[in-house]
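Enquirer: I'd like to ask some things about the structure below.
Residue numbers (this note's numbering): 807 to 1080.
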């Protein structure tokens, strides 16, 4: 029998928050590590630990990148320092930096990496679905076809690991039903390799529109929902409504890396309808 998962996205959602929450629910860390180790990528190490977020004990899933693969995803100064749409941005320089640090992967290459991984067929199916959703959103954002999309942040090493890791954990926990009500998102602007863009970022907005997700915009100045997090929800959600009565079998908390005025973790519940 499959299990029902309820994701509370009051502090947003990202790939690492999802993996952390699923590990905290009881997904086997050794199965996760073995599956990720089978991916044909390098330039990273994994760390699974306990950290406090708003004084609450949470599981932290951390992909530690080497200097060649660092993408500033958790660097608050890079993401938000002097960010305003009228600020001057050297887009060509930023793209040159990104090109130097990352081998941009197309969707076909990423799907091949997943297909060759030593993970279950169901985990492969989940990971492939998430990446297809991301590719559709990025293609729309950039005005190209999906086979022309070359992922930047999403194609980076840590994002591939987050997505495949989440797929492994969903499969390991035998999750078949996923309830997500609203995606709580921030506002304002954030810096990426192309320059300064509005929050929700274009890829997230496209995922929300293409998959009929519900946004709840908060007063937080910053990005709470990442494209990876939104794509995981779009791929896995089976309902946006909780049962009228249910029991909670397990609770998992996955830590976020960015510091915003929110609790900073994703709460995941295994529930049973009564």
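Each residue gets a CB set at the ideal place from its N, CA and C atoms; glycine is no exception. Fair warning: this is a prediction, and the values are worked out from it, not measured in the lab.
1) How would you call residue 870, buried or exposed, if buried means at least 16 neighbouring beta carbons within 10 angstroms?
2) Go ahead and pull the three-state DSSP assignment for residue 950.
3) Determine the closest residue to residue 1080 out of 1068, 1073 and 1050, with distance taken between C-alpha atoms.
4) With a CB to CB cut of under 6 Å and the five nearest residues on each side skipped, what residues in its chain are close to residue 937?
5) From residue 1025 to residue 968, what distance separates their C-alpha atoms?
6) Using the beta-carbon count (16 or more within 10 Å), is residue 942 buried or exposed?
7) Using 10 angstroms around the beta-carbon of residue 836, count the other beta-carbons present and answer buried if the total reaches 16, otherwise exposed.
8) Out of 1006, 855, 839 and 1057, which one is the CA nearest neighbour of residue 1035?
9) Just tell me which of 863, 1069 and 1009 has its CA closest to the CA of residue 939.
10) Give the straight-line distance between the Cα atoms of residue 844 and residue 919, rounded to the nearest whole angstrom.
11) Indicate the three-state DSSP secondary structure (helix, strand or coil) for residue 1020 in the structure shown.
12) Select from 952, 984 and 1047 the residue whose C-alpha is nearest the C-alpha of residue 932.
13) Exposed or buried, which one is residue 807 when buried takes at least 16 other CB atoms within 10 Å?
14) Ends of the alpha helix (DSSP H) at residue 840?
15) Using a 10 Å radius around the Cβ and a threshold of 16 neighbouring Cβ atoms, would you call residue 1029 buried or exposed?
16) Going by C-alpha to C-alpha distance, which of 934, 822 and 1032 sits closest to residue 996?
17) Taking residue 859 and residue 1061 to be in contact with their CB atoms under 8 Å, please state how far apart those CB atoms are, rounded to whole angstroms.
18) Would you identify the three-state DSSP class for residue 847, choosing helix, strand or coil?
Expert: This is what the structure gives:
1) Residue 870 sits at position 64 when you count from the first residue of the chain shown. The residue is exposed, with fewer than 16 neighbouring Cβ atoms inside 10 Å.
2) On the chain shown, residue 950 is found 144 positions in, with the first residue counted as 1. Of the three classes helix, strand and coil, the one that applies to residue 950 here is coil, per DSSP.
3) Taking the chain shown and counting its residues from 1, one reaches residue 1080 at position 274. The shortest C-alpha separation from residue 1080 is found at 1050.
4) Taking the chain shown and counting its residues from 1, the one referred to as residue 937 is at position 131. Same-chain partners within the cutoff: 916.
5) On the chain shown, residue 1025 is found 219 positions in, with the first residue counted as 1. On the chain shown, residue 968 is found 162 positions in, with the first residue counted as 1. When rounded, the distance between both Cα atoms is 27 Å.
6) In the chain shown, counting from the first residue as 1, residue 942 sits at position 136. Answer is buried; the Cβ neighbour count reaches 16.
7) Your numbering for residue 836 matches position 30 in the chain shown. Label assigned to residue 836: exposed.
8) The residue labelled residue 1035 in the question sits at position 229 within the chain shown. Comparing Cα-Cα distances from residue 1035 to each of 1006, 855, 839 and 1057, the minimum goes to 1006.
9) Here residue 939 corresponds to residue number 133 of the chain shown, with the count starting at 1. Considering only alpha carbons, the answer is 1009.
10) Translated into positions along the chain shown, residue 844 becomes position 38. Translated into positions along the chain shown, residue 919 becomes position 113. So the two alpha carbons sit approximately 9 Å from each other.
11) In the chain shown, the residue the question calls residue 1020 occupies position 214. Coil at residue 1020, not helix or strand.
12) If you number the chain shown from 1, residue 932 lands on position 126. Comparing Cα-Cα distances from residue 932 to each of 952, 984 and 1047, the minimum goes to 984.
13) Residue numbering aside, residue 807 sits at position 1 when the chain shown is read from its first letter. With fewer than 16 other Cβ atoms within 10 Å, it is exposed.
14) Start at 1 with the first residue of the chain shown, and residue 840 comes out as number 34. Its alpha helix (DSSP H) spans residues 835–843.
15) If you number the chain shown from 1, residue 1029 lands on position 223. Classification of residue 1029: buried, given that the 10 Å Cβ count is 16 or more.
16) Position 190 of the chain shown, counted from the start, is the residue given in the question as residue 996. Residue 1032 is the option with its Cα nearest to residue 996.
17) On the chain shown, position 53 is the one that residue 859 refers to. On the chain shown, position 255 is the one that residue 1061 refers to. Residue 859 to residue 1061, Cβ: 5 Å. Contact.
18) Position 41 of the chain shown, counting from 1, holds the residue named residue 847. If DSSP states are grouped into helix, strand and coil, residue 847 belongs with coil.
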